[in-house]
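In the working numbering, the protein residues as written are 267 to 478.
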């Protein structure tokens, strides 16, 4: 009898993920260039909107930890809207929320992940981050979802964030599965709005998905 076990209990580290799926990080510098080359420029209106989104988020963030639902409303939904990922030819579905529980010393750290799936090619995972460990735990879980790619010959992408930090993932599951990660983008930098960079990458990925 097939046993169903929750991802949050079985995949808790990159080592778990790589061993279970024979997945490995690529050593090809050209594997994931979408986050750094030929990015579309933003219009002045898009930049103004992104600056407003960041100011709005900062005002809420100063009050303390933000739940994943609020992160969705303040950041994710506006970003996906600006990137055109709610419009044709894209469609959005959801995965069941995952509760995280990680033991660290004599403490148990709890968090939560909400997941959006766009056209089965882009996974967006939002973490309720009560501690930085939640972000690191969510990364292998994001890639576990991405391993379910129904078109293994085509790359899939992921965006994982906890409100303060964001990272992009690219994975190709055909043959020997491999992946690569972007830099981490931080919203805590006082003099630069890295949401602009995140939006440019999302628009780039949206075009790749639409053309594939």
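C-beta atoms are modelled at their ideal positions from N, C-alpha and C, and glycine is treated no differently.
Put simply, of 290, 326 and 386 the residue whose alpha carbon is nearest the alpha carbon of residue 351 is 386.
In its chain, beyond the 5 residues on either side, 453, 459 and 461 have a beta carbon closer than 8 Å to the beta carbon of residue 320. Residue 447 holds the alpha-carbon nearest to the alpha-carbon of residue 295 among 447, 475 and 306. When rounded, the separation of the alpha-carbon atoms in residue 346 and residue 432 is 14 Å. Looking at 313, 384 and 435, the one whose alpha-carbon comes closest to that of residue 353 is 384.
Between residue 341 and residue 323, the beta carbon gap of about 6 Å places them in contact (Cβ cut-off 8 Å). From the listed residues 286, 301, 283 and 465, the smallest Cα separation to residue 435 is found for 301. By the CB criterion at 7 Å, residue 440 and residue 416 fall outside the cutoff.
Per the coordinates, the alpha-carbon of residue 325 lies some 11 Å from the alpha-carbon of residue 318.
Each residue's CA atom was taken as its position, placing residue 465 and residue 349 some 6 Å apart. Within a 10 Å sphere around the beta-carbon of residue 334 sit 16 or more other beta-carbons, which makes this residue buried. Unbroken beta strand (DSSP E) runs of no fewer than 3 residues, entirely contained in the stretch 411-459, are found at 422-427, 431-438 and 444-452, following chain order. Only exposed fits residue 304, as fewer than 16 other CB atoms lie within 10 angstroms of its CB. A Cβ-Cβ separation of about 15 Å leaves residue 412 out of contact with residue 427 under the 8 Å criterion. Judged by DSSP in its simplified three-state form, residue 391 adopts strand.
DSSP, read as helix, strand or coil, puts residue 360 in strand. Counting the other Cβ atoms within 10 Å of the Cβ of residue 477 gives fewer than 16, which makes it exposed. Non-local beta-carbon contacts of residue 284 in its own chain, meaning distances under 7 Å to residues more than five positions away in sequence, involve 290 in chain order. Distances from the CA of residue 281 to each of 456, 355, 406 and 315 were compared; the closest alpha carbon is that of 406.
Residue 384 carries a strand assignment under DSSP once its states are collapsed to helix, strand and coil. Following the DSSP letters along the chain, one finds residue 310 inside the alpha helix (DSSP H) bounded by residues 310-327.
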